[in-house]
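Residue numbers (my numbering), protein chains in the order written: chain V, 1 to 329; chain R, 1 to 325.
Positions of the beta carbon are idealized from the N, C-alpha and C atoms, including for glycine.
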Amino acid sequence: MKTRKMAANKAINAALREEMYRDDNVYVIGEDVGEFGGIWGATAGLLNEFGKERVICTPMSEMAFGTMAVATALMGKRPVVDMMYANFASIFYESIALEAAQMRFLSGGKKSVPIVFRGAQGISGGGGAFHSQCVESWFLGRPGLIVMCPSTALDAYGMLKTAIRNDNPVLFLENIRLYADRETVPPVEENYTVPVGKARIFREGTDVTVIASQQMLKLSLRVADEMEEQGVSTEVIDPRTIWPYDIDTFCDSARKTGRVIVVHEGYRAGGYGGEYSAAITERCMKALKAPVTRIGGCNTVIPAGLLDAHVVPNEEEVRNAIWQLMKSQ
Amino acid sequence: MEYTKEQYLQIYGWLYFSRRYEELSIEYMLAGKGKVMYHLATGEEAVSIGIYSVLGEDDWLVPHFRARPMIALRYGLRDFAAEVHSRSNAPQLGLAGGSHFMHFENRVMIPSAMIGQPVAYGAGIALSMKMDKKPGCVVIGVGDGGLNEGVVFETLNMIAAWKLPVAFYIQNNSLSISTDHSAATGLTNLADRAKGYGLPSASYDGNDVFLVAEVMREAVERARCGEPSVTEFFTTRWEGHFYGDPSVYRNPAVVEKAKEERDGVKNNRNFLLGNHIAAEKELLAVEMEQERLIRDSFDYAFESPELTRDEVRDPKLVWALEGTK
Chain V
1 MKTRKMAANK AINAALREEM YRDDNVYVIG EDVGEFGGIW GATAGLLNEF GKERVICTPM
61 SEMAFGTMAV ATALMGKRPV VDMMYANFAS IFYESIALEA AQMRFLSGGK KSVPIVFRGA
121 QGISGGGGAF HSQCVESWFL GRPGLIVMCP STALDAYGML KTAIRNDNPV LFLENIRLYA
181 DRETVPPVEE NYTVPVGKAR IFREGTDVTV IASQQMLKLS LRVADEMEEQ GVSTEVIDPR
241 TIWPYDIDTF CDSARKTGRV IVVHEGYRAG GYGGEYSAAI TERCMKALKA PVTRIGGCNT
301 VIPAGLLDAH VVPNEEEVRN AIWQLMKSQ
Chain R
1 MEYTKEQYLQ IYGWLYFSRR YEELSIEYML AGKGKVMYHL ATGEEAVSIG IYSVLGEDDW
61 LVPHFRARPM IALRYGLRDF AAEVHSRSNA PQLGLAGGSH FMHFENRVMI PSAMIGQPVA
121 YGAGIALSMK MDKKPGCVVI GVGDGGLNEG VVFETLNMIA AWKLPVAFYI QNNSLSISTD
181 HSAATGLTNL ADRAKGYGLP SASYDGNDVF LVAEVMREAV ERARCGEPSV TEFFTTRWEG
241 HFYGDPSVYR NPAVVEKAKE ERDGVKNNRN FLLGNHIAAE KELLAVEMEQ ERLIRDSFDY
301 AFESPELTRD EVRDPKLVWA LEGTK
């Protein structure tokens, strides 16, 4: 068995292909998923291998094919809906949060809706105001819906497999700037998956906990390395499943360090940092040396071009927050 | 089509059932039972029953919502009454009520109360039938109001592009809650919209049950062969949008005229008597039997238990906790 080193978009492509071979009910539906292979190549080659009945190219009709896919899931299929940009979840919102997520309950708990809505989020140096939003927080707290955000190529591979096999609807948010990251992915025979609702501790530390996802995770890891040289030991945790979240791992770390920062690219106000902060505080306020710090995107419109980098958190903000928290003993 | 006497009586029975179902719903409510919102289908029975009479076992029904009596027939009378009135012995445990129902064995659903979304569910069922090469078709309905939802435009476009096995109908009672369709579209016949998708379409009187049945039988047969179409039926809503709606937006003379001239139940009864197909006492016997069936289902529902607070809040109802497949 040989391991494979691949970019995240290829890892997603491999996960889709392997799941489609494993289960005939898995199919892909979305705009430009056919010969084009999706605008980041995530569905490249699937049309040739599985045919147009399992790689369904739609017109630009998000409102309708989102819910059509939900219906096929109720009928026993396992659709993977390609939203292209996660930002378009604004149009898919009904299908994801109200249709897919509520159907199990409305069926009296008898039917499940095994569907994945996947899309790429975050700034990309030019996406602008309608193609760059991070959308996790739009869906936070929705009953019946799992929200997953992989931060590495390996996690993208393992988490997408989990999402497809899970009987709940999953909103699977990739990150545009993640696609080029290369990482070793185990061979298909290993059947590698990542459990739902399990955070990953990327870096152990004793002084401060940083909870961060996707680009903010990478940024936080760089800051953590730098802080180590300054004598501050930083623990960095990737929530991976944003909702429902791994409060146990967060609190174990909070009890150890007493200082917690949540960093996300999406807006600070109304972001999941607020929810995590409240939940951590409720569980282990006595262990905290200071209130949980939230760092998030600036509450403004995402500008065009490379200006977009100015409205998301940078290393300096994380570094300053750590120093600020370190003042609390 | 030629009907046997049994078939004539069956169709009249379903029509009478539909009228009486709504009347008794209100009677029970006024007696303090079943405080739910009723979107009464009185005046529109012939559309429902014409369609219901041509459905085959393999066909799915995703109807316009103003068709509760037909839905009850397809879903199962006792089960539907229990579901509408939130009873725990109902198939969906009473969690869905009468507006979000789905019955997979009996092939009927309106899972969402977001007007227009059920049309996409219907097309999704048709897509899965096509993928699995299963026989049958999906009869999808929408009102003249719902037809203006964006999701319906998108779905009809895909039904046409992918030749999904769909017989689509429009139940045009000319009112979208209070808005007359002449104020909501530039069309006279809404079926004309189908041309824009490349679908064949036609408009008919929806108060003649035999005409509805004839037209829909053909539409269903075509749909089963992957030839979708759109059929519009003109009808009249006798009541407000919901029971208790004072209908201030409407000229009551329109309803009086419809009751006088276009009553699909009364006209069918007169047809059977006038053509000596059935005698008065035979029709009375049919009516008594339908009355009994309705009362039996309602009484069953009101004697049934409800979920407790803890049961309603059970996370297993929302989340599939059994792991991954």
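Legend entry - Per-residue contacts from E154(R) into chain V (C-beta, under 7 Å): The answer, in chain order, is S61, M63 and A64.
Inset, instruction - Assign G244(R) to one of three DSSP states: helix, strand, or coil. - result: If DSSP states are grouped into helix, strand and coil, G244(R) belongs with coil.
Inset, instruction - Decide if N299(V) is buried, meaning its Cβ has at least 16 other Cβ atoms within 10 Å, or exposed. - result: By the neighbour-count rule (16 or more Cβ atoms within 10 Å), N299(V) is not buried but exposed.
Inset, instruction - Tell me, please, whether the segment 13-27 of chain R touches the segment 170-189 of chain R by the rule of three or more beta-carbon pairs shorter than 8 Å. - result: As far as the Cβ criterion goes, the segment 13-27 of chain R does not touch the segment 170-189 of chain R, which means the pair count is below three.
Legend entry - Validate contact between the segment 265-282 of chain V and the segment 91-105 of chain V using beta carbons, cut 8 Å, 3 pairs: No: fewer than three Cβ pairs fall under 8 Å.
Legend entry - Between the CA atoms of P195(V) and A334(V) - distance to the nearest angstrom: There is simply no residue 334(V) to check, as chain V begins at 1 and stops at 329 in what is shown.
Legend entry - Whole runs of the alpha helix (DSSP H) within the segment 56-95 of chain V, excluding any shorter than 4 residues: Runs of the alpha helix (DSSP H) inside the segment 56-95 of chain V: 62-74 and 89-93.
Inset, instruction - Measure the alpha-carbon distance for E317(V) versus R193(R) and round it to whole angstroms. - result: Each residue's Cα considered, the two are about 56 Å apart.
Legend entry - Y276(V) versus F302(R): straight-line alpha-carbon distance, rounded: So the alpha carbons of these two residues sit roughly 45 Å apart.
Legend entry - D238(V), DSSP secondary structure in three states: The DSSP-derived three-state label of D238(V) is strand.
Inset, instruction - Provide the residue(s) that pair with R203(V) in DSSP beta bridges, ordered along the chain. - result: For R203(V), which the question treats as bridged, DSSP gives the partners V236(V).
Inset, instruction - Please list the partners that S107(V) has in chain R, where partner means a Cβ-to-Cβ separation under 7 Å. - result: For S107(V), the C-beta contacts it makes with chain R under 7 Å involve Q92 and M102, in order along the chain.
Inset, instruction - Report the three-state DSSP secondary structure of H131(V) (helix, strand or coil). - result: Collapsing the DSSP output to three states places H131(V) in coil.
Inset, instruction - Please decide whether D79(R) counts as near chain V, where near means a Cβ-Cβ distance under 9 Å. - result: No Cβ of chain V is located within less than 9 Å of the beta carbon of D79(R).
Inset, instruction - Look at Y8(R) and L272(R) and say whether their C-beta atoms are less than 9 Å apart. - result: For the 9 Å CB-CB criterion, Y8(R) and L272(R) form a contact.
Inset, instruction - Compare the C-beta of C319(R) against all C-beta atoms of chain V and say whether one is closer than 9 Å. - result: The question names Cys, but residue 319(R) is Trp in the sequence shown. For W319(R), the answer is yes, since a Cβ of chain V falls inside 9 Å of its Cβ.
Legend entry - Touching by the beta-carbon criterion (3+ pairs, under 8 Å), the segment 137-149 of chain R and the segment 107-123 of chain R: Segment contact: the segment 137-149 of chain R against the segment 107-123 of chain R, three or more CB-CB distances shorter than 8 Å; contact assigned.
Inset, instruction - Using a Cβ cut-off of 9 Å, pull out every chain R residue sitting near L98(V), in sequence order please. - result: Correct list: S112, M114 and Q117.
Inset, instruction - Name, please, each residue of chain R whose Cβ falls closer than 7 Å to the Cβ of N168(V). - result: The answer, in chain order, is W319 and A320.
Legend entry - T234(V) and D252(V) closer than 9 Å at C-beta: Contact flag unset, no.
Inset, instruction - Check the C-beta distance from V292(V) over to I302(V) and give it rounded, since I have them as a contact under 8 Å. - result: With 8 Å as the limit, V292(V) and I302(V) do not qualify as a contact, their Cβ atoms being about 25 Å apart.
Legend entry - Proximity test, Cβ basis, 9 Å: R331(V) and chain R: Residue 331(V) lies beyond the range of chain V shown here (1 to 329); nothing can be said about it.
Inset, instruction - Give the DSSP-derived three-state secondary structure of V334(R) in the structure shown. - result: With chain R covering only 1 through 325, there is no way to say anything about residue 334(R).
Inset, instruction - Would you tell me roughly how many angstroms separate the C-alpha atoms of D167(V) and F242(R), rounded to the nearest one? - result: As the crow flies, the alpha-carbon of D167(V) is around 37 Å from that of F242(R).
Legend entry - Residues within the segment 122-135 of chain R neighbouring chain V, beta-carbon criterion of under 7 Å: Taking 7 Å as the Cβ-Cβ cut-off against chain V, the residues of the segment 122-135 of chain R that qualify are A123, G124, I125, L127, S128 and M131.
Inset, instruction - Leaving aside the five residues before and after V198(V) along the sequence, list all residues of the same chain whose C-beta is less than 8 Å from its C-beta, in chain order. - result: First, the residue type needs correcting, since residue 198(V) is Lys and not Val in the sequence shown. Taking K198(V) as the centre and dropping the five residues before and after it, the same chain places the C-beta of R240, T241, D246 and T249 closer than 8 Å to its C-beta, in chain order.
Inset, instruction - Pick helix, strand or coil for M212(V), following the three-state DSSP scheme. - result: The identity of residue 212(V) in the sequence shown is Ala, whereas the question assumes Met. Correct three-state label for A212(V): strand.
Legend entry - Buried versus exposed, by CB contacts within 10 Å (16 or more), T184(V): If you draw a 10 Å sphere on the C-beta of T184(V), you find fewer than 16 other C-beta atoms in it, and that means exposed.
Legend entry - Boundaries (first-last residue) of the beta strand (DSSP E) holding E289(R): First-last for E289(R): E280 to F302, but that is the alpha helix (DSSP H), not the beta strand (DSSP E).
Inset, instruction - Quick one: which residues of the segment 158-171 of chain R get their C-beta closer than 9 Å to a C-beta of chain V? List them in chain order. - result: Interface annotation for the segment 158-171 of chain R against chain V: M158, A161 and W162, criterion Cβ-Cβ distance under 9 Å.
Inset, instruction - In the DSSP assignment, find the alpha helix (DSSP H) that holds W14(R) and state where it starts and stops. - result: Its alpha helix (DSSP H) spans residues K5 to L30.
Legend entry - Every unbroken beta strand (DSSP E) within the segment 184-241 of chain R, with a cutoff of 3 residues, ordered by chain: The qualifying runs are 201-205 and 229-234.
Inset, instruction - For the segment 128-156 of chain V, enumerate the residues whose C-beta is nearer than 7 Å to any C-beta of chain R, in chain order. - result: Only P143 and G144 from the segment 128-156 of chain V bring a Cβ to less than 7 Å from some Cβ of chain R.
Inset, instruction - Could you tell me the distance, in whole angstroms, from the CA atom of S328(V) to the CA atom of Q215(V)? - result: C-alpha separation (whole angstroms): 27 Å.
Inset, instruction - Report the partner residues of L173(V) according to the DSSP bridge assignment. - result: Bridge partners of L173(V): G119(V).
Legend entry - Expected contact under 8 Å - CB spacing of W243(V) and F172(V) to nearest Å: In this structure W243(V) does not touch F172(V) by the C-beta definition: roughly 12 Å separates them, more than the 8 Å allowed.
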